[in-house]
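Residue numbers (the working numbering): 408 to 994. Ideal placement from N, C-alpha and C gives every residue a C-beta, glycine not left out. Note that the structure is predicted; figures quoted are calculated from it, not measured. To keep things clear, I will list the structure first and then write my remarks on it.
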């Protein structure tokens, strides 16, 4: 077998690609016949006494001579067959090797990574064409200048790279490395370097193969993510401070509230109560559960209270006289629900109207006035739900997408520019939305610039980013409103502006405000798509939450709101806010 290999290595059969095994065996067979005939000729000339050429070949020979000639033919035929099999294997191996070389060459040529094979003397066996795209230098420039590789390394990283390269050239298997290079155009790029030692069949070190990948975009993204992460942390701290502040305000409000107030869980067990509750009902109310409260039982409100805990519907009682404490009280129960619309807490406010009930004028006023405590509590609850919804729907989903894309990039060790740009865009979008949420918590510019200028500034900001043509009109003199009225009007304008820009598909919108000494009148209209209304003029179930928020804001300051809309004819909102004498006295 070794002899055959040497023969074929010396190209005794020069054109192995065109080799036909069947033809080769047939030729071997013919050659064996020729040898048998040659044996007959030799026998005729040298050993045969009676000269007969045909007899020497076929007739006048012994059985042993015939056996010898047949064995010659068989031997040569078997040898030719074995040789044909061996040559066929060599041909197959060469074809497989050529195919593998073609695949490897194609892979390396089209790879974006800079791949090279460097010898122990630092000369290059092979350099992929992608080196020019990454470094600006061609394969010929690297092949002709063995110092070029070290020369393009960034000064601060050169010592680290040379040490790594020397260790790898000694045959050591090293970890991956990240360093910077200076390209032919004097650009600084980050490179991810991975090398593997290569050994010959007898275990001799013959160099190492290196794969260099351009990770400049990834590094820039990591730096950008680090900056944005710091911004997110700072914003998160700000939000936590705001939440803590709101929580402290609620606790303070609970304690300082002059009316008795208690909070129960959904099973009727007492969670907390304020000092006014203890001072008023310490001797008559059960501290543990609402169902054993003597005041509830004596006032015959037990069934109504149970219904509140079962359905979550608000219940406000008629004035009830409690003989034990000689007071006229109104019980107000309402629920606090979670995102799943499940009852979490039940709040009980008790309003003492004893003094008002003793006066007909105060009794009449009592019938029209709203429960301030319940209104504020509802407002705080709505604000909390609104903030929670904004954080969940906008910030939470964006952060989840950023995390998933970053983990996919990290696990795949990929530099997919599209995915990286998606991460950057999502991060920027999240940062912008966090700033919008912080601004929406309380517009400080109202105190700084006043109501009219704040509305004008807000609409101007949106107008620069929208194709909608906005018009703002103020009529009359703003006599100065208290903070509650100014904030309500600003929030109504803000929510209407948000609905117009996001949902109306309008091209024009107008905001009008009329200030009088006893009334504020407003009109907000657009020429957008519009929507269906029910018979009573209320927003249908398919309409946006923002319109409901606008109505509640107007009604919270004793105002009235009317809404008109038709499909493809736009939407118009009218609101009137009366300025009572009490409001003027407060100013």
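Contact between residue 727 and residue 738 holds, with the beta-carbon distance rounding to 7 Å and staying under 8 Å.
Each residue's CA atom was taken as its position, placing residue 913 and residue 861 some 23 Å apart. Under the three-state reduction of DSSP output, residue 759 falls in the strand class. Just so you know, the alpha carbons of residue 477 and residue 445 end up roughly 13 Å apart. CA-CA distance, residue 483 to residue 492, rounds to 14 Å.
Excluding five sequence positions before and after residue 583, the CB atoms of its chain that fall closer than 7 Å to its own CB belong to 599, 600 and 601, given in chain order. Our two residues, residue 639 and residue 682, have alpha carbons roughly 40 Å apart in a direct line. If the five residues before and after residue 870 are omitted, its C-beta is found closer than 7 Å to the C-beta atoms of 877, all from its own chain and listed in chain order. DSSP places residue 573 inside the alpha helix (DSSP H), whose first and last residues are 562-576.
Excluding residues up to 5 positions away in sequence, 612 and 613 lie with their Cβ nearer than 7 Å to the Cβ of residue 606 in the same chain.
Shortest Cα-Cα distance from residue 621 to any of 537, 893 and 526 involves 537.
Residue environment for residue 663: exposed (fewer than 16 other C-beta atoms within 10 angstroms of its C-beta). Of the other Cβ atoms in all chains shown, fewer than 16 fall within 10 Å of the Cβ of residue 471; this residue is therefore exposed. Proximity to residue 985 across 965, 498 and 921 peaks at 965, based on C-alpha coordinates. In the DSSP annotation of this structure, the continuous segment of the beta strand (DSSP E) that includes residue 744 starts and ends at 734-744. Nearest neighbour of residue 429 by Cα position, chosen from 488, 439 and 967, turns out to be 488. In the DSSP annotation of this structure, the continuous segment of the beta strand (DSSP E) that includes residue 534 starts and ends at 531-534. Put simply, the backbone Cα of residue 873 is about 21 Å away from that of residue 954.
Boundaries for residue 664: no alpha helix (DSSP H) harbours it, and the DSSP string shows neither H nor E there. In this structure, the CA atom of residue 910 is about 24 Å from the CA atom of residue 894.
Residue 540 and residue 531 have their C-alpha atoms roughly 18 Å apart. Where residue 718 is concerned, the enclosing alpha helix (DSSP H) starts and stops at 709-718. Rounded to whole angstroms, the separation of the alpha carbons of residue 568 and residue 651 is 52 Å. The continuous beta strand (DSSP E) containing residue 587 extends over residues 584-589.
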